[in-house]
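Residues 115 to 271 in my numbering are what the sequence shown lists, from first letter to last.
Where a beta carbon is used, it is the ideal one built from N, C-alpha and C, also for glycine.
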Amino acid sequence: MRWRTVVVVGANDNGVIAIRVHRMKPYLGYVTVAFMIGGCAHVQRSAPPLVLENTGTEYPTMCMLMQADGNLVFRGGFAFYSPAAWRRTDKDTLILTLGGSEPFPSDVFREQLPKHAGGLLSFDEKRREITYRFNDKSEFLNFGNYYFYRVADCHAQ
Numbered sequence: 115m116r117w118r119t120v121v122v123v124g125a126n127d128n129g130v131i132a133i134r135v136h137r138m139k140p141y142l143g144y145v146t147v148a149f150m151i152g153g154c155a156h157v158q159r160s161a162p163p164l165v166l167e168n169t170g171t172e173y174p175t176m177c178m179l180m181q182a183d184g185n186l187v188f189r190g191g192f193a194f195y196s197p198a199a200w201r202r203t204d205k206d207t208l209i210l211t212l213g214g215s216e217p218f219p220s221d222v223f224r225e226q227l228p229k230h231a232g233g234l235l236s237f238d239e240k241r242r243e244i245t246y247r248f249n250d251k252s253e254f255l256n257f258g259n260y261y262f263y264r265v266a267d268c269h270a271q
């Protein structure tokens with residue numbers, strides 16, 4: 115097998131371009147170039163949380179932050195239901211699972227259920243789950259008779 119001259123061009127973390135000339139067997143050159151290209155690949159960042167916000171009521175602003183990992187974070191109110199979680203069974207169905215030691219608000223959801231306002235479909239007191247119809251076109255979610263609208267950022271303290 116013959117030796118070949120390979121020119122390798124790359125950039126370090128500071129953006130400085132380095133050019134190196136190597137004499138190597140052809141297959142080693144291909145492997146080196148493949149590793150360099152792979153090293154330049156874009157690293158996938160985690161998705162930003164979906165932010166739902168209740169504002170303009172007699173209470174301070176409250177937010178629900180649905181993290182990409184399935185955690186649900188309450189900010190500005192309802193923190194006593196933490197740790198909470200969320201999941202989807204399909205693109206239209208959202209299930210919230212409430213944590214914490216605060217009693218599950220069955221009476222509120224029982225009153226809210228016949229109205230179907232804010233997408234409420236059902237609730238399960240024993241599992242501490244609330245099921246909503248909530249998709250990309252849904253404007254708001256009714257959680258405990260508070261309307262939470264989609265926003266880009268949470269403004270709760």
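Setting aside the 5 residues that flank it on each side, residue 190 is surrounded in the same chain by 174, 175, 176, 177, 270 and 271, each with a C-beta closer than 7 angstroms to its C-beta; the list follows chain order. Of the candidates 208, 251, 162 and 182, the residue whose Cα lies closest to the Cα of residue 257 is 208. In the structure shown, the three-state DSSP call for residue 227 is helix.
Rounded to the nearest angstrom, the Cβ distance from residue 216 to residue 194 is 4 angstroms, consistent with a contact under 8 angstroms. Residue environment analysis places residue 202 among the exposed positions, since fewer than 16 neighbouring C-beta atoms fall within 10 angstroms of its C-beta.
Counting only runs of at least 4 residues, the region 190-228 fully encloses the following alpha helix (DSSP H) elements, listed from N- to C-terminal order: 220-226.
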